[in-house]
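Everything on this sheet refers to the single structure shown next.
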Amino acid sequence: MIDICLLGTGGTVPLPNRFLTSLLVRWNGHEILVDCGEGTQIALNAKTLSCRHIDAIFLTHFHADHTAGLPGLLLSMAKADRTEPITIYGPKGLEDLLKGVLLIARYVPFEIKFVEYEQKENIYEIDGLKITSFSVRHSVPCFSFSFDYARSPKFDREKAERNNVPMKAWGRLQKNDSVEIDGVTYTSDMVLAEERKGIHFLYTTDTRPTESIRKYAQDADLMIAEGMYGDEEKKEKSKLNKHMMMQESAEIAKNANVKQLWFTHYSPSMHDPWIYEEMVQQLFPQAVISKDGERIDLSFSEE
Ligand SMILES: [Zn+2]
Ligand SMILES: [Zn+2]
1 MIDICLLGTG GTVPLPNRFL TSLLVRWNGH EILVDCGEGT QIALNAKTLS CRHIDAIFLT
61 HFHADHTAGL PGLLLSMAKA DRTEPITIYG PKGLEDLLKG VLLIARYVPF EIKFVEYEQK
121 ENIYEIDGLK ITSFSVRHSV PCFSFSFDYA RSPKFDREKA ERNNVPMKAW GRLQKNDSVE
181 IDGVTYTSDM VLAEERKGIH FLYTTDTRPT ESIRKYAQDA DLMIAEGMYG DEEKKEKSKL
241 NKHMMMQESA EIAKNANVKQ LWFTHYSPSM HDPWIYEEMV QQLFPQAVIS KDGERIDLSF
301 SEE
């Protein structure tokens, strides 16, 4: 239903075997990319994924490890004969950033639209996927993302009959909020059963723990969160540079009843993140030390 691929898991600088953190989300023939650090186009290529059809790019913030891949990616799209416009979303100042990007990537033959996050919480919608960018706490303005894919309620025949809704309105009320027949207005809640749980996941990195993250983590099917450090000795450093420890992400996931937690944005000083696996799984058993290319298909849960 929704195919999620963590293209890279690195923070700060790419390593020979670790691309910078970036996420590709695909559904219903749409694709969006979250963050675009140096080498993101190679990370896509390494997973035999094309950049040709990416509809939109969402940026968390303007540090180079999340943005420096934009010129290369846009030029790769141009080389793949892309002509459709692309929309780039980012914090205020995005317009200036893109002017700089286009100084390097001069021959981009398609339109680049941009949207700056105006509020602390901003809601966008692309073909049924609701994307909320929400403000977090880093050394520069930074946002995380909550994704929601709603599931339409089932048709309830008994309810429709009980409410005397004529049969010819049934089909239309499953697609529209209301329908008028012979001067009588019927509403969709007269024929539809209870709301059903949709798909909910979030991506959060380069931040200290915040209330906003706790709020959006609640009952998430998947939380992709920063695991910059695992060593307790790095705690002060993580506070100073406004990053999250693995332990902090795990604590949030546990308290928010998250189904699964993937770490990303490992410090380049952390050569082997798996040495922390046992420690974090004691805090939160469904914690995964993600690797580049970590992938999952999220589907509606069985009823
Ligand atoms: Zn970063
Ligand atoms: Zn940063």
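Position 4, counted from 1, in the sequence shown is what this note's numbering calls 4; the numbers after and before it change by one each time, with no gaps.
Beta carbons are placed, not taken as given, at the ideal position from N, Cα and C, and that holds for glycine.
Which residues does DSSP pair with residue i in a beta bridge?
| i | result |
| --- | --- |
| Lys239 | Paired residue(s): none; Lys239 is not in a bridge. |
| Ile289 | According to DSSP, which records beta bridges pairwise, Ile289 is partnered with nothing at all. |
| Val13 | Val13 pairs with nothing; no bridge assigned. |
| Thr21 | Note: Thr21 sits in no beta bridge, so no partner. |
| Leu129 | Ile126 and Tyr149 |
On a CA-only basis, which of the options is nearest residue i? Give me that one, please.
| i | options | result |
| --- | --- | --- |
| Arg26 | Pro14, Asn45, Asn17 and Ala56 | Ala56 |
| Lys79 | Phe62, Arg106 and Leu222 | Arg106 |
| Met279 | Tyr124, Glu302, Ile32 and Gln247 | Gln247 |
| Tyr149 | Lys175, Gly198, Asp182 and Asp35 | Gly198 |
| Leu24 | Ser133, Thr83, Gln41 and Pro14 | Gln41 |
| Thr48 | Gly100, Met228, Cys142 and Cys5 | Cys5 |
| Leu98 | His138, Ala46, Leu59 and Arg208 | Leu59 |
| Lys291 | Glu277, Pro285 and Ser299 | Glu277 |
| Phe155 | Cys142, Gln174 and Ile131 | Gln174 |
| Leu283 | Leu298, Met245 and Ser269 | Met245 |
| Gly90 | Val108, Asp81, His61 and Asp65 | His61 |
Might you give, ordered along the chain, the residues of its own chain that have their beta carbon closer than 7 Å to the beta carbon of residue i, omitting 5 neighbours on each side?
| i | result |
| --- | --- |
| Ala68 | Gly37 and Glu38 |
| Thr185 | Ser178 |
| His304 | Outside the shown range of the chain, which is 1 to 303, sits residue 304, and nothing can be said about it. |
| Pro166 | Ile181 |
| Ala250 | Leu261, Val280, Leu283, Phe284 and Ala287 |
| Pro209 | Met244, Glu248 and Ile252 |
| Lys235 | Met245 |
Apart from the five residues just before and just after residue i, which ones in its own chain have a Cβ nearer than 6 Å to its Cβ?
| i | result |
| --- | --- |
| Tyr216 | Ser146 and Leu202 |
| Pro273 | Tyr266 and Ile289 |
| Ile296 | Ile4 |
| His53 | Glu31 |
| Lys259 | Asp221 |
Does chain D have any CB closer than 9 Å to the CB of residue i?
| i | result |
| --- | --- |
| Glu161 | No chain D appears in this structure, which consists of one protein chain only. |
So the beta strand (DSSP E) residue i belongs to, where does it begin and stop?
| i | result |
| --- | --- |
| Glu294 | Glu294 to Leu298 |
| Lys113 | Ile112 to Glu116 |
| Val101 | Element bounds for Val101: not the beta strand (DSSP E) but the alpha helix (DSSP H), Leu94 to Ile104. |
| Asp3 | Ile2 to Gly8 |
| Asn122 | Glu121 to Ile126 |
| Leu33 | His30 to Val34 |
In chain order, what residues of the same chain have a beta carbon less than 8 Å from the beta carbon of residue i, not counting five sequence neighbours either side?
| i | result |
| --- | --- |
| Lys113 | Pro85, Ile86, Thr87 and Ile88 |
| Ile104 | Pro71 |
| Ala193 | Pro153, Lys154, Phe155, Asp156 and Lys159 |
Quick one: which unbroken beta strand (DSSP E) runs of 3-plus residues sit fully inside the region 135-193? Chain order, please. 142-151, 178-181 and 184-187
Can you list, in chain order, the stretches of the alpha helix (DSSP H) that have 4 or more residues and sit fully within the region 196-280? Runs of the alpha helix (DSSP H) inside the region 196-280: 211-217, 235-240 and 246-255.
Residue ranges of each beta strand (DSSP E) within the region 38-89, 3 or longer: 56-58
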